[in-house]
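Numbering (this note's numbering), first residue to last: 618 to 978.
Ideal placement from N, C-alpha and C gives every residue a C-beta, glycine not left out.
#1: Could you tell me which residues DSSP puts in a beta bridge with residue 730?
#2: For residue 684, which of helix, strand or coil comes out of DSSP?
#3: Kindly indicate which residue of 860, 819, 968 has the alpha-carbon position closest to the one of residue 896.
#4: Take residue 932 and list the residues in its own chain whose beta-carbon comes closer than 8 Å to its own, dropping the five residues that flank it on each side.
#5: Just to confirm my understanding: we take residue 728, look at its own chain, exclude 5 residues before and 5 after, and list those with CB closer than 6 Å. What are they?
#6: Would you check if there are 3 or more beta carbon pairs closer than 8 Å linking the region 822–829 to the region 797–809?
#7: Taking just the CA atoms, how far does residue 865 sit from residue 778?
#8: If I measure Cβ to Cβ from residue 686 and keep anything under 6 Å in the same chain, skipping five residues before and after, which residues do I get?
#9: Just grab the DSSP bridge partners of residue 757 for me.
#10: Along the chain, where does the beta strand (DSSP E) containing residue 679 start, and where does it finish?
#11: When you compare each of 830, 950, 966, 898 to residue 656 by their alpha carbons, which one comes out closest?
#12: For residue 855, which residues of its own chain have a beta-carbon under 7 Å away from its beta-carbon, when the five flanking residues on both sides are left out?
#13: Whose C-beta lies closer than 6 Å to the C-beta of residue 764 among residues of the same chain, with five residues either side of it excluded?
#14: What are the boundary residues of the alpha helix (DSSP H) that residue 832 is part of?
#15: Enumerate in chain order the residues of its own chain whose CB-to-CB distance from residue 734 is below 6 Å, with the five nearest sequence positions on each side excluded.
#16: Under three-state DSSP, which class holds residue 887?
#17: What does a CB cutoff of less than 8 Å around residue 780 pick up in its chain, not counting 5 residues either side in sequence?
#18: Under a three-way DSSP split, which group does residue 967 fall into?
#19: Are the region 695–709 and the region 748–760 touching by the rule of at least three beta carbon pairs closer than 8 Å?
#20: In the DSSP assignment, what are the bridge partners of residue 765?
#21: Would you call residue 889 buried or exposed, if buried means 16 or more other Cβ atoms sit within 10 Å of its Cβ?
#22: Please name the residue in 667, 957, 737, 838 whose C-alpha comes closest to that of residue 676.
#23: Just how far apart, CA to CA, sit residue 867 and residue 884?
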């Protein structure tokens, strides 16, 4: 017995230290908490007490990953068959099975692959992917060559992929990512991502960036009727809150220093990178949620940059003037305009500044 008590105390101490280090890692974004197996509640359980979960279910975050078996997605990708691009690439989409299959034919030789997931809510685009085992059983990811874009209501080459077919393509169907990159891709489009020996347990994925992706596993919270309050968000500092969003939307520290300048349109899609360079950010207490309510769709909330801006730019202080051009609304059109990418997608530039400082297209 004399060995049991010290052993128990050591176990509790070790657990406490591990838990503390885990919480620090979660706050800094270093721990892939979405891969742990314990502590998860049913996502639908949030709706019983938290009314905002109803509207959240329609947000881009919640819908950013869907099974490709979804009827709407099946119909959408099948429409690729009638495009000149598919005919030029000798490619055909079949939706006869559970998941769509794509085939590239060259003479008598044909390559095909199953696409079992679709990334993107459709607000900007949708990209189909297929999970494939490597020789060790780990999960690789085929990113399909063609993406559907809302701005053109049609298909063009997926961002980051070569416009013309080359040796880098996997069987002329897309680009193949290895297991670590596959996990990173799913990690920014899922809430729970069970992995066993490098193999993503696709049947157990909690698709979409939902409640527990930001607030942490809530099984204990639900089972105790809310008595256990692990404030994974409200207890974070401003920098930690922005870092949480930057886990997927990119942090300046992930960029090379010479890439962070106002003439580089490539950083526009990484909102925290530009935001954290802005004087508005550096001289205030603003965070991402100062302007964006993550529980509402972008269309249903006023993120247009007038009520947020005049919280500071009210003309009462010399260093926080009102608009010098006399504009009374639509601040974003000048100070945070949309920037076109190399594909038919536009992103809002979050590097807040006056137009004369901005040479971007």
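This is what the structure gives:
#1: Position 113 of the chain shown, counting from 1, holds the residue named residue 730. Bridge partners of residue 730: 719.
#2: Working through the chain shown from its first residue, we reach residue 684 at position 67. Three-state result, residue 684: strand.
#3: Against the chain shown, residue 896 aligns to sequence position 279. Among 860, 819, 968, the Cα nearest to that of residue 896 belongs to 968.
#4: Reading the chain shown from its first residue, position 315 is the one you call residue 932. Closer than 8 Å at the Cβ level, and outside the excluded window around residue 932, lie 938, 939.
#5: The residue given as residue 728 occupies position 111 in the chain shown. Counting only Cβ-Cβ distances below 6 Å, and skipping sequence neighbours, we find 721, 788.
#6: yes
#7: Translated into positions along the chain shown, residue 778 becomes position 161. Translated into positions along the chain shown, residue 865 becomes position 248. Rounded to whole angstroms, residue 778 to residue 865 spans 20 Å at the Cα level.
#8: If you number the chain shown from 1, residue 686 lands on position 69. Excluding positions up to five away in sequence, the list reads 715, 716.
#9: Within the chain shown, residue 757 is the residue found at index 140, counting from 1. Its beta-bridge partners are 749.
#10: Locating residue 679 in the chain shown gives position 62, counting from the first residue. From DSSP, residue 679 is part of no beta strand (DSSP E); its letter is neither H nor E.
#11: Counting from 1 along the chain shown, the entry for residue 656 is found at position 39. Taking residue 656 as reference, the option from 830, 950, 966, 898 with the minimal CA-CA separation is 830.
#12: Looking up residue 855 in the chain shown gives position 238. Within the same chain, residue 855 has close Cβ partners 902, 904.
#13: Counting from 1 along the chain shown, the entry for residue 764 is found at position 147. Residues of the same chain with a CB within less than 6 Å of the CB of residue 764, apart from the 5 flanking positions on each side, are 742, 744, 775 in chain order.
#14: Translated into positions along the chain shown, residue 832 becomes position 215. Per DSSP, residue 832 belongs to the alpha helix (DSSP H) from 828–832.
#15: Along the chain shown, read from residue 1 onward, the residue named residue 734 stands at position 117. Closer than 6 Å at the Cβ level, and outside the excluded window around residue 734, lie 685, 746.
#16: Against the chain shown, residue 887 aligns to sequence position 270. Three-state DSSP puts residue 887 in coil, outside helix and strand.
#17: Taking the chain shown and counting its residues from 1, one reaches residue 780 at position 163. Excluding residues within five positions, the ones whose Cβ falls inside 8 Å are 774.
#18: Within the chain shown, the letter at position 350 stands for residue 967. It is coil, neither helix nor strand.
#19: no
#20: By 1-based counting over the chain shown, the position of residue 765 is 148. Answer is 743, 772, bridged to residue 765.
#21: Taking the first residue of the chain shown as position 1, residue 889 is located at position 272. By the neighbour-count rule (16 or more Cβ atoms within 10 Å), residue 889 is buried.
#22: Reading the chain shown from its first residue, position 59 is the one you call residue 676. For the residues 667, 957, 737, 838, the minimum Cα distance to residue 676 belongs to 737.
#23: One-based indexing of the chain shown puts residue 867 at position 250. One-based indexing of the chain shown puts residue 884 at position 267. So the alpha carbons of these two residues sit roughly 9 Å apart.
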